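For the protein sequence lines, the chains are A, B, C and D, in the order given.
Note that the working numbering has the first sequence beginning at 1, numbered continuously upward.
Note that the working numbering has the second sequence beginning at 273, numbered continuously upward.
Note that the working numbering has the third sequence beginning at 545, numbered continuously upward.
Note that the working numbering has the fourth sequence beginning at 817, numbered continuously upward.
Just so it is clear, CB atoms sit at the ideal spot from N, CA and C, and this is done for glycine as well.
A quick note: this is a predicted structure, and the numbers were derived from the prediction, not measured.
Beneath this line is the structure, given in structure tokens, with notes to follow.
4 protein chains.
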Amino acid sequence: MSYFAFKNHNIYYDLQGIGKPILILNGIMMSTKSWEPFLNSFTASNSLLRVDFIDQGASDKAKIEYTQDTQADLLSALLDYLKISKINVVGISYGGEVALHFAIKYKQKVDRLLLFNTTAKTSDWLKDIGEGWIITAKTRDPRAYYFQTIPVIYSPHFYHSRIDWMKNREKVLAPVFSNPVFLDAMERLTRSAETHDVRDSLQYIEAPTLIVTADEDYLTPMPEQKYLHQNIKHSFLVQLPQVGHASMYEVPFVFASLVLGFINNPDVTYAI
Amino acid sequence: MSYFAFKNHNIYYDLQGIGKPILILNGIMMSTKSWEPFLNSFTASNSLLRVDFIDQGASDKAKIEYTQDTQADLLSALLDYLKISKINVVGISYGGEVALHFAIKYKQKVDRLLLFNTTAKTSDWLKDIGEGWIITAKTRDPRAYYFQTIPVIYSPHFYHSRIDWMKNREKVLAPVFSNPVFLDAMERLTRSAETHDVRDSLQYIEAPTLIVTADEDYLTPMPEQKYLHQNIKHSFLVQLPQVGHASMYEVPFVFASLVLGFINNPDVTYAI
Amino acid sequence: MSYFAFKNHNIYYDLQGIGKPILILNGIMMSTKSWEPFLNSFTASNSLLRVDFIDQGASDKAKIEYTQDTQADLLSALLDYLKISKINVVGISYGGEVALHFAIKYKQKVDRLLLFNTTAKTSDWLKDIGEGWIITAKTRDPRAYYFQTIPVIYSPHFYHSRIDWMKNREKVLAPVFSNPVFLDAMERLTRSAETHDVRDSLQYIEAPTLIVTADEDYLTPMPEQKYLHQNIKHSFLVQLPQVGHASMYEVPFVFASLVLGFINNPDVTYAI
Amino acid sequence: MSYFAFKNHNIYYDLQGIGKPILILNGIMMSTKSWEPFLNSFTASNSLLRVDFIDQGASDKAKIEYTQDTQADLLSALLDYLKISKINVVGISYGGEVALHFAIKYKQKVDRLLLFNTTAKTSDWLKDIGEGWIITAKTRDPRAYYFQTIPVIYSPHFYHSRIDWMKNREKVLAPVFSNPVFLDAMERLTRSAETHDVRDSLQYIEAPTLIVTADEDYLTPMPEQKYLHQNIKHSFLVQLPQVGHASMYEVPFVFASLVLGFINNPDVTYAI
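What follows is the structure, encoded as structure tokens:
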């Protein structure tokens, strides 16, 4: 159980393995625990650093107002604390957005960057979807929150091919979505992303960047990742067919293979 | 103001114009009024029949249990009442699904069939989204219902290019979504679609059928319309880029042109 | 048999029907005859003007150097000759490109504009494909020319579903592709498109414009039509799934319906 | 310089590096030399086996009639010769098709399988394109062969962004395409793929399989790889936007990363 202090918060992190280091950043509802199924893959030849953001998992609930930029500062402080000067950063959704802030503000600390289901800006459309999540969270009705958030996170393809898993998910999440402490944290996390807009700063990202888009992602749809690809210099775009916003749950083997291949590949340029 | 009686309900309809007849069927939140901006197009060379389904617009609220099959029976009774033996049927979303039931059960009454943003089955995924709508309707909170339903109905592309219109929409819909009579009707309409599944009967559709899919439709996504196209014999598929579930609002000129072209074109087969 | 004179060439045209007038422009290998299967559709409620460009069909072979801009001048002269002040212009491929030149140079003569499988510029890639066609034409080998040009014109989907028709096409085209006069005309037509580049003038097009893209079009692929859509003000984009470059042959009913709907629809703007 | 004998042919191969072994299989116009830019990536943590098929590179020209099945037998003999019992197989285009034959006939020798720009069958459409290549090869005109084959191999996107490289390619390939020995080998290689059809045997592939499709691939277009994905049990599909048939040349870093990630990832199943 490892913690470090950031602005008066206990922040939970976990560091394992040896090799090229990977920092992996959670989506909004996730925590370090969500990556347990990936430990074998990510620690076989790499060191893996996981962290719970403020208001996530085993880290403290927020004692301050914060945005995704604050979470990026947290990452920088964590790396300093661990004396890691440079790392490969992988983020999904909320975590991908924090990764963008981090890669812009602390560019010298980023080796390679991987962005799954990420957007350059919380658009008015996405903000209004988030508004719906917040209003429903306040009802304290776990079923309302489940049906508001979960179906749009998964692709219809995955939902139907894994319907038993989804139905079980409803049971697993019922106590979580009944917990007012969790729901209030979700509200703050959602609000912390509302001002996200790094469009004008994407040009400063120098790291080789893999952008992964999913064609049944109905929260951060494909045009968002195409925009990132067009505006980040050394970027590469890969598309996952029949996959939704929760790409790491839907195609974990592909997700992990993309991460390992892009980070462990010694070459970036090819004399072609 | 025209009404006819169906199973003890007053059903509102409107018939205008002369020429090849068009029956146009509302999406779930729509009513005959929603088609006002299209009157000029649809009555220039055609006769247009609009109708409010049970629980829609100026028709009676439900006095019976019903499904989309009941609404198809209503259409058949209306045509008999108006002594129209055969008609071109256009439906969007809920209306497209009723159109499918009608084209299967009353095939001799269908000339040509046009399906916008339509699915052959209410999938588990869509059912769960509908469940969210129902739960939120019960909260009687108009803002909750607005943010639950409206953003996913429109494409992000339209939402952003018409953000003022969307913001006004919120005001326009506030009194509607505050009305418990409307919200209860919406619940019944949503439930009436839950058992929708005509996959095994699509083979019986003989009418030339135009299927229109929209690539930012996140309620009845493109694979649904591809399925319809693969399973309806004389069908044609057209895709609308950067358009969402509310295709008739988002690209009304294209919507109306597709309807007029497909219905008024004298030829179906070409000696090519 | 109607002819008019343009720069010392006899130009063949055909005018039929009454109603809103349609000018339809041939693709490079086509002629007025190619539209015979569409006569019923296009003359039912419209007047239809067809024309063979210089080096096409029953018009004279070229006596001058020309580009697609020359062909646009030809169209303007023809309309003047027929005392038609304004017309709806439909073009496919080469014809769509001439339509663009025409709509820019003679904008007051264009009512509505429809562009199928059209590009704003003959790109280096397309130019090199054309270069292959020209080199092969010089071999005077009809089979060489057939296999060079025909497979890439049709979608794999159409090719496989209509393989008998394609195999017959090989026989039908053998004498045509054996004719040195035809092959030399094809070379000149191909060269006349090499300098095509109206990217900087698209902003001057005022006509409501329907742009039709086909997702198995491997000669003027979809990004070309998306570019047109982004740069023509009052434009609308429709996509044809599983259709190739020869959209008018592959889905004639859809092709004709799009033309009729877009042209005969009285409304362009909707109060939505 | 390593050779081994197969059916009276000297077959050139090259084995380097240590680690999980990778067998990489050439596209039709390629040779072992084409992979030089990838050596650093593929030998950093892996052993890499390259081979020239009959009629390719430094291997003998054909002394027998052969199909892609023969080339698969060659691979099996090579592995036996090198005492390699099981290997990860990567193929692109022609090489991917041989990989399919190999994975079906010698399934116990395949660890993981990666197929780039590959098809389950040489369709009538693709056969006719190949027929064009063969006819043009017989003209012995290097420019004819260049413009027949090269533009369709590359995506328009790559062609335009790397136009200088493409123009140089024309010069580099001129002597190659002038060589009758090369052109005759190309004809035999093309013919050896004409009967390719493993659709009914895909069900026997047990290896975890990564299928990579490219959306500007106009020789083996995306529906081909979707078919493979639907019919190979443990398969995963990844799409490369704005990439053509020559994916390894167009996005070498992505190509290599996909190979390394998929092969070196220890896990195939995740407890999710």
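Can you look up B/His281 in the DSSP assignment and give me helix, strand or coil?
B/His281 falls in the strand class under three-state DSSP.
Tell me which residues share the same chain as D/Leu891 and place their Cβ nearer than 6 Å to its Cβ, disregarding the 5 neighbours each side in the sequence.
Phe918
Within chain D, the residues that C/Glu675 reaches when beta carbons sit closer than 7 Å:
Phe963
Three Cβ pairs or more, each shorter than 8 Å: is that satisfied between the stretch 74-88 of chain A and the stretch 49-58 of chain A?
yes
Partners in chain A for B/Trp397, counting only beta-carbon separations shorter than 7 Å
Pro151, Pro156, Tyr159, His160
How about the stretch 143-154 of chain A and the stretch 459-475 of chain B: do they share at least three Cβ pairs that are nearer than 8 Å?
no
Cα-Cα separation, A/Ser247 to A/Phe255:
7 Å
From B/Leu398, B/Pro414, B/Thr390, pick the residue whose C-alpha is nearest to that of A/Val152; which is it?
B/Leu398
Over what stretch of residues does the alpha helix (DSSP H) that includes B/Ala409 continue unbroken?
Element bounds for B/Ala409: 396-410.
In the DSSP assignment, find the unbroken alpha helix (DSSP H) run with D/Phe1052 in it and report its ends.
Where D/Phe1052 is concerned, there is no enclosing alpha helix (DSSP H), although the beta strand (DSSP E) it sits in stretches over 1051-1056.
By the criterion of Cβ-Cβ separation under 9 Å, what are the contact partners of D/Leu989 in chain A?
For the C-beta of D/Leu989, not a single chain A residue is nearer than 9 Å; the gap to the nearest is close to 15 Å.
Any Cβ of chain A within less than 8 Å of the Cβ of D/Ile1088?
yes
Can you name the residues that DSSP bridges to B/Ala486?
DSSP output for B/Ala486 lists B/Leu512 as bridge partner(s).
Does the beta carbon of B/Asn537 sit closer than 8 Å to a beta carbon anywhere in chain C?
yes
Is there a C-beta anywhere in chain A that falls below 8 Å from the one on D/Val1084?
yes
If you follow the beta strand (DSSP E) that D/Phe932 is in, where does it begin and where does it stop?
926-932
Let's see if you can read the secondary structure: which residues bound the alpha helix (DSSP H) around D/Arg1007?
DSSP places D/Arg1007 in the uninterrupted alpha helix (DSSP H) bounded by 996-1008.
Alpha carbon of A/Ile263 to alpha carbon of A/Asn88, nearest angstrom
Taking the straight line from one Cα to the other gives about 7 Å.
Cα-Cα separation, D/Lys836 to B/Thr541
Per the coordinates, the alpha-carbon of D/Lys836 lies some 58 Å from the alpha-carbon of B/Thr541.
Between the stretch 238-252 of chain A and chain D, which residues of the former have CB atoms less than 8 Å from a CB of the latter, in chain order?
Val238, Gln239, Leu240, Pro241, Gln242, Tyr249, Val251, Pro252
Does any C-beta atom of chain D lie closer than 8 Å to the C-beta of A/Ser41?
The C-beta of A/Ser41 comes closer than 8 Å to at least one C-beta of chain D.
So which residues on chain C does D/Tyr1034 lean against when the C-beta distance must stay under 7 Å?
Tyr762
Can you find a C-beta in chain C that's less than 8 Å from the C-beta of B/Ser365?
Judged by the 8 Å Cβ criterion, B/Ser365 is not in contact with chain C.
Smallest Cα separation from A/Asp124: which of A/Ala271, A/Gln225, A/Leu219, A/Val243?
A/Leu219
DSSP state of A/Lys61, grouped into three classes?
coil
Report all residues from its chain with a CB closer than 6 Å to the CB of C/Tyr650; omit the five preceding and five following residues, and keep chain order.
Ser620
What does the alpha-carbon distance come out to for the pair A/Ser235 and B/Ala316?
52 Å
Distance between A/Ser47 and A/Ile18 (C-alpha atoms, nearest Å):
4 Å
Cutoff 6 Å; reference B/Gly402; Cβ partners in own chain excluding five residues on either side:
Thr462
For A/Pro223, which residues in chain D fall below 9 Å Cβ to Cβ?
Here the premise fails: no neighbours, minimum Cβ distance about 12 Å.
If the cut is a Cβ gap below 8 Å, which residues of chain D does C/Thr680 touch?
Thr952, Ala960, Gln964
Cα-Cα separation, C/Tyr625 to C/Pro752
25 Å
3-residue-minimum beta strand (DSSP E) runs that sit fully inside the stretch 39-83 of chain A, ordered along the chain
46-51
Nearest to C/Met545 by CA position, among C/Thr576, C/Leu569, C/Val803, is which residue?
C/Thr576 is the residue among C/Thr576, C/Leu569, C/Val803 whose C-alpha sits nearest the C-alpha of C/Met545.
Do you know how far the Cα of D/Glu852 is from the Cα of D/Asp1083?
29 Å
Could you check whether C/Asn584 and C/His789 sit closer than 8 Å to each other, using their CB atoms as the reference points?
no
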